[in-house]
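In the working numbering, the protein residues as written are 7 to 287.
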């Protein structure tokens, strides 16, 4: 082999490193501009979304803000540090208007964790809960009972969470029940909601959604920390969601790609194939 050919060949290790860097850059660009992967860690959106569902968040639908930038795992690099220049004015680039009934991923206004809830109130709306029924702009939203939602009392997902049951106490391996209903917004959008018990969040005052903000509630109504609970800057770990700024929205959940009921996605016997590629309603 000619000496000049040997000299021009790059070290295989350097070539591998360059390939990995390019792949990471492309993946980061794809995640920032188009779709962000999201695992469902809690039961706040049952039965629409179950613990262990995996989906991609559509970022293009609402345009872009600082929240569109991903955080980098195992570092203290947050979206604000990457795209902080887009933060502060509560605006978005190529903005699209979120609609009532959309299932939306957003950054928690206080501690920055990604949350997923259903959008109930848009700017100017009034929202209230009375006896577990949703009241939107002074009118009770159409609701009809739809039997029971059942699941096995067991630890769920990688965090080993246990479900709450309307028929508690339920021992491990027993059938956990929740009351199920179908709620229909004035637009005609229908979705399933669950009820476990009568509690404080079933009866609230009237919330008036400010301009540039949105109001979110989980479908599993009694197991969701959402806009019914105030933000708490002095104790971020106990902070409610409160009103969410337009710039804190990441995107819309459109379709479940994969689902696993087990502690690890490698446990193929726990895969829920009936949920693969299911539309998020």
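Quick reminder that beta carbons are idealized off the backbone N, C-alpha and C, glycines included.
Residue i bridges to which residues according to DSSP?
{"i": "residue 199", "result": "187"}
{"i": "residue 140", "result": "135"}
{"i": "residue 285", "result": "261"}
{"i": "residue 255", "result": "112"}
{"i": "residue 182", "result": "157"}
{"i": "residue 145", "result": "142"}
Looking at the secondary structure, which residues open and close the beta strand (DSSP E) in which residue i lies?
{"i": "residue 119", "result": "First-last for residue 119: undefined, no H or E at that position."}
{"i": "residue 150", "result": "148 to 158"}
{"i": "residue 220", "result": "219 to 223"}
{"i": "residue 288", "result": "Here the chain has residues from 7 to 287 only, and residue 288 is not among them."}
{"i": "residue 43", "result": "41 to 45"}
Using 9 Å as the threshold, is the C-beta distance between residue i and residue j below it?
{"i": "residue 128", "j": "residue 106", "result": "yes"}
{"i": "residue 124", "j": "residue 147", "result": "no"}
{"i": "residue 219", "j": "residue 251", "result": "yes"}
{"i": "residue 118", "j": "residue 152", "result": "no"}
{"i": "residue 46", "j": "residue 163", "result": "yes"}
{"i": "residue 285", "j": "residue 95", "result": "no"}
{"i": "residue 54", "j": "residue 240", "result": "no"}
Excluding sequence positions up to five away, which residues of its chain have a Cβ less than 8 Å from the Cβ of residue i?
{"i": "residue 282", "result": "262, 263, 264 and 265"}
{"i": "residue 120", "result": "44, 111, 112, 113, 114 and 256"}
Here's a check: name, in chain order, each residue in its chain whose Cβ is nearer than 6 Å to the Cβ of residue i, leaving out the five neighbours to either side.
{"i": "residue 238", "result": "244 and 245"}
{"i": "residue 138", "result": "201 and 208"}
{"i": "residue 269", "result": "164"}
Can you list, in chain order, the residues of its chain whose CB lies under 7 Å from that of residue i, leaving out five sequence neighbours each side?
{"i": "residue 236", "result": "246 and 248"}
{"i": "residue 41", "result": "62, 63, 64 and 65"}
Check whether the stretch 244 to 254 and the stretch 270 to 286 are in contact - that is, three or more C-beta pairs closer than 8 Å. no
Touch test, the stretch 59 to 76 against the stretch 252 to 265, Cβ-Cβ under 8 Å, three pairs minimum: Because the criterion of three Cβ pairs below 8 Å is met, the stretch 59 to 76 and the stretch 252 to 265 touch.
Under 8 Å, with one C-beta from each stretch per pair, do the stretch 132 to 145 and the stretch 208 to 228 reach the 3-pair mark? Contact holds between the stretch 132 to 145 and the stretch 208 to 228, because three or more Cβ pairs, one in each stretch, are under 8 Å apart.
Is the number of C-beta pairs between the stretch 178 to 193 and the stretch 91 to 104 that are closer than 8 Å three or more? Counting Cβ pairs under 8 Å, fewer than three are found: no touch.
Are at least three pairs of beta-carbons, each pair with one atom in the stretch 66 to 76 and one in the stretch 149 to 160, less than 8 Å apart? no
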